[in-house]
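Per the numbering used here, residue 144 is the first one in the sequence shown, and the count goes up by one each step.
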Amino acid sequence: MPRGTHSALPQYGLAEGEFWQHLVASSLAAEVVQRRSTRSLPLEASTAALLHDIGKLMIGRLVDRESLQ
Numbered sequence: 144m145p146r147g148t149h150s151a152l153p154q155y156g157l158a159e160g161e162f163w164q165h166l167v168a169s170s171l172a173a174e175v176v177q178r179r180s181t182r183s184l185p186l187e188a189s190t191a192a193l194l195h196d197i198g199k200l201m202i203g204r205l206v207d208r209e210s211l212q
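See the structure below:
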């Protein structure tokens, strides 16, 4: 598990472990869409889904909860 992805991100309403679960679930959902789609989708779709919210880790560390409201 990448460092920091298991941490809580209260700024986004995510408890410990929920961010990582969200990333993995997004990646798995992209794989399901790839398999079921009648169109050709890029192989990188599951990787993109895994990384789509990775910026929240940095933002969560730099910005406190009050600043996001």
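Quick reminder that beta carbons are idealized off the backbone N, C-alpha and C, glycines included.
Where does residue i land, buried or exposed, given buried means 16+ other C-beta within 10 angstroms?
i: S183; result: exposed
i: S189; result: buried
i: A168; result: exposed
i: L166; result: buried
According to DSSP, which residues form a beta bridge with residue i?
i: L157; result: L152
Taking only the alpha-carbon atoms, compute the straight-line gap between residue i and residue j and give it to the nearest angstrom.
i: A151; j: A158; result: 5 Å
i: G160; j: Q177; result: 26 Å
i: L200; j: R179; result: 31 Å
i: T181; j: E174; result: 13 Å
Can you give me the start and stop residues for the alpha helix (DSSP H) that residue i sits inside?
i: S189; result: 188-194
i: L205; result: 198-205
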